[in-house]
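A.B. asks: Convert by adding 17 to the 1-based position in the sequence shown; the result is the number in the numbering used here.
Quick one: structure below, then a few questions.
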Amino acid sequence: MENNILEVKNLKMHYVSKYETVKAINDISFSVKKGETFGLVGESGCGKSSVCKTLLQLLPPNAKFMGGSIKYKGKELIGLSNKELQKIRGREISMSFQELMTALNPVTKVKEQIYEQFIGLKMTKQEKYAKAVNLLKLVGIPSPEQRLEEYVHQFSGGMRQRIMIAIALAAQPSMLLADEPTTALDVTIQDQIIKLINSLKETLGMSIILVTHDLGVVSQMCDSIAVMYAGSIVETGDTLTIFSKPRHPYTEGLIRSMPKDDGSKDRLESIEGAPPNLNNLPKGCSFAERCKYATEICINQMPPLKEVGENHYSKCFHTDLLINSKGLIEL
Ligand SMILES: Nc1ncnc2c1ncn2[C@@H]1O[C@H](COP(=O)(O)OP(=O)(O)O)[C@@H](O)[C@H]1O
Ligand code: SF4
Ligand SMILES: [Mg+2]
């Protein structure tokens, strides 16, 4: 579709070693529209960061691409040479990493880390400096001239996250992959980062893939979402639709385990059990062991991702059982 900036189809990626094959991405498809924030949501270990790293082909040596297509602005990224990918990374699609302390260099000044993003761009020293100052201002870091001369350890957690975002924005990408930008921050700082990313989207007109395990964050930031479970997308659609009418038992469980804003004392339901080992996935539905709706077919066959409404898909045999399931909001 013309409106889509990114189209991912049937993507598969496994981490392979002598001892195991971790099936981190198992045939996932999704698309991101121009200017939207698309949420990739799910418990830790379900494959969210792996999806982002596969999009940019920034994977460790044990990662094995198993098939699929990634089209960005209509152009296939799979099969591009490293040189061609360099033109995409940072300039077109950029990532702010989850592991801040590994992604940010502890021994070079913030200024130098921003300047690295300008390599290959025709800019004078003065232009680089002015742009770096502006970037820190843009992400809300006070006294930018002074802070550019400092090292990462001199910043608080929230300020480090802002620096990571500034570096990701340095080459003016059209798309930002923000991997857990609010995790490990306290609630007030989380709120500030949410506001910052929302305002950057408006002022820069970027498309964003927001990775998080926190549905509360999703509800404040995302236009549409994909819920991931054990390396697959199990439900996808507009955020409002999914929050009001979840049609996959896993999403329903996630929503029911969210604390409510109205302070009501309904007991939170949590999803019992743990996700399956990605090295040993069941042949049927990977959620079956934890699912209260599971039947024989769920154990023996893999459910297809089927359309359950306009632009709304669920990977479940028994979506009809959830037809009256109430989400957090009523439309
Ligand atoms: N370099 C790696 N080698 C082997 N397994 C990995 C590697 N990186 C991640 N994994 C595994 O892949 C799965 C998905 O990980 P990840 O994409 O980081 O999930 P998430 O971001 O949703 O927490 C997990 O089981 C994780 O342990
Ligand atoms: S396919 Fe079956 S086990 Fe899987 S989520 Fe649907 S009802 Fe539950
Ligand atoms: Mg992750």
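Note that CB positions come from ideal geometry on N, CA and C, so glycine has one too.
Can you have a look at Glu252 and say buried or exposed, based on whether 16 or more other CB atoms are within 10 angstroms of its CB?
C.D. replies: Buried: at least 16 other Cβ atoms inside 10 Å.
A.B. asks: Please specify which runs of the alpha helix (DSSP H), each continuous and at least 4 residues long, are wholly inside the stretch 94-127, giving them in chain order.
C.D. replies: If we require 4 residues or more, the alpha helix (DSSP H) runs fully inside the stretch 94-127 come out as 99-105, 117-120.
A.B. asks: Report the start-end ranges of each alpha helix (DSSP H) in the stretch 255-326 that is 4 residues or longer and not cut off at the edges.
C.D. replies: The stretch 255-326 contains these whole alpha helix (DSSP H) runs: 256-261, 266-273, 313-317.
A.B. asks: What I want to know is whether the C-beta of Tyr310 ends up closer than 8 Å to one or more non-hydrogen atoms of ligand 2.
C.D. replies: Yes, Cβ of Tyr310 sits closer than 8 Å to a heavy atom of ligand 2.
A.B. asks: For Asp208, report the span of its alpha helix (DSSP H) as first-last.
C.D. replies: From DSSP, the alpha helix (DSSP H) with Asp208 extends over 204-221.
A.B. asks: Please state the DSSP three-state secondary structure of Leu232.
C.D. replies: Helix at Leu232.
A.B. asks: Mind reading off the beta-carbon distance from Val58 to His230? Whole number of angstroms is fine, and I expect it under 8 Å.
C.D. replies: That belief holds up - the Cβ atoms of Val58 and His230 are roughly 7 Å apart, short of 8 Å.
A.B. asks: Here's the rule: buried if 16 or more other CB atoms are within 10 angstroms of the residue's CB, otherwise exposed. What is Tyr36?
C.D. replies: Label assigned to Tyr36: exposed.
A.B. asks: Comparing alpha-carbon positions, which option in Gly174, Leu72, Ser249 lies nearest Thr205?
C.D. replies: Measuring from the Cα of Thr205, the nearest candidate turns out to be Gly174.
A.B. asks: Measure how close the beta-carbons of Pro161 and Glu109 come, nearest whole angstrom, since I'm counting them as under 8 Å.
C.D. replies: Between Glu109 and Pro161 the Cβ distance is about 26 Å, and since that is not below 8 Å, they are no contact.
A.B. asks: So the beta strand (DSSP E) Ile22 belongs to, where does it begin and stop?
C.D. replies: Run containing Ile22: 21-33, per the beta strand (DSSP E) assignment.
A.B. asks: From which residue to which residue does the beta strand (DSSP E) around Ile7 run?
C.D. replies: Residue coverage of the chain in this structure runs from 18 to 348, which leaves residue 7 outside it and unanswerable.
A.B. asks: Pull up the distance between the alpha-carbon of Ser34 and that of Met83, whole angstroms please.
C.D. replies: For Ser34 and Met83, the distance between alpha carbons rounds to 15 Å.
A.B. asks: Mapping the DSSP letters down to three states, classify Glu166 as helix, strand or coil.
C.D. replies: Residue state, collapsed to three classes: coil.
A.B. asks: Can you give me the Cβ contacts of Pro320 inside the same chain, cut-off strictly under 6 Å, excluding the 5 residues immediately before and after it?
C.D. replies: Result list for Pro320: Cys302, Lys332, Cys333, Phe334, in chain order.
A.B. asks: In the structure shown, what three-state DSSP assignment does Tyr89 receive?
C.D. replies: If DSSP states are grouped into helix, strand and coil, Tyr89 belongs with the strands.
A.B. asks: Within the present structure, is the beta-carbon of Ala201 separated from the nearest heavy atom of ligand 2 by less than 8 Å?
C.D. replies: Checking the Cβ of Ala201 against ligand 2 gives no.
A.B. asks: Just to confirm the assignment, what range does the alpha helix (DSSP H) spanning Ile182 have?
C.D. replies: Segment 174-186, the alpha helix (DSSP H) holding Ile182.
A.B. asks: Going by Cα to Cα distance, which pick from Gln207, Asp203, Ile242, Met192 is closest to Glu219?
C.D. replies: If we check each option's Cα against that of Glu219, Met192 comes out closest.
A.B. asks: Pull up the distance between the alpha-carbon of Gly270 and that of Glu286, whole angstroms please.
C.D. replies: Distance between the alpha carbons of Gly270 and Glu286: 7 Å.
A.B. asks: Could you compute how far the alpha carbon of Tyr310 sits from the alpha carbon of His329?
C.D. replies: Near 20 Å, if we compare the C-alpha coordinates of His329 and Tyr310.
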